[in-house]
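Read left to right, the sequence shown gives residues 3 to 156 (our numbering).
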Amino acid sequence: MNEDSRHAGNAVLLRSAALWLLAALLSAWCLVGMKLGLAPVKMVFPGKTSHLLQAHIDFLLMSALLFGIYAAKTPLAAHVRWSMAIGAFTNPSLFLLTAIVPELDTAAPGDGLMAASFNLYRMASISITTYGFGAAAIAIFLATFARRANRRDG
């Protein structure tokens, strides 16, 4: 898919939304495996099943947000598009990581390198996601006024 006017420059949103939707489907099948008590799945996800469910829901939510923002057809700066695409993966991955590495669930700042790395990743993820989606929301909001002024129909 090439960038063209149909995408308002936002094809990265569509691509990442499709990938994260596939991640949601995969996590749904992992949840089924957990419910059925499949040993290989339980070995991969020794943490709380609720964290895997949270990752699944967050992948779905992030995909829906990306599809919706893409559908608004408002041109967005590259740093905004990429912040959303990256944040839409890193946010659900926080839940996924705690399902895979249960020790991260209670990681405190003084608990060693793994905990410190996870907490840094968490703060970076939240910051990138907030910046991307916040900037997109502001751009779309402002674009509604520009469109209205161009149409002059009030």
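Think of the CB as a built atom: it goes at the ideal place given N, C-alpha and C, for glycine as much as any other residue.
Alpha carbon of residue i to alpha carbon of residue j, nearest angstrom
i	j	result
A13	L28	23 Å
L144	G35	45 Å
A80	G11	8 Å
I140	T131	14 Å
M125	N93	10 Å
A66	S52	21 Å
D113	L54	23 Å
Pair within 9 Å by beta-carbon distance, residue i and residue j
i	j	result
T76	A138	yes
L115	L68	no
P104	G70	no
A90	S18	yes
Cβ-Cβ separation, residue j to residue i (assumed contact under 8 Å), whole Å
i	j	result
A74	I142	5 Å
At least three beta-carbon pairs within less than 8 Å, the stretch 52-63 to the stretch 21-41: yes
The stretch 35-49 touching the stretch 81-88, judged by at least three CB pairs closer than 8 Å: no
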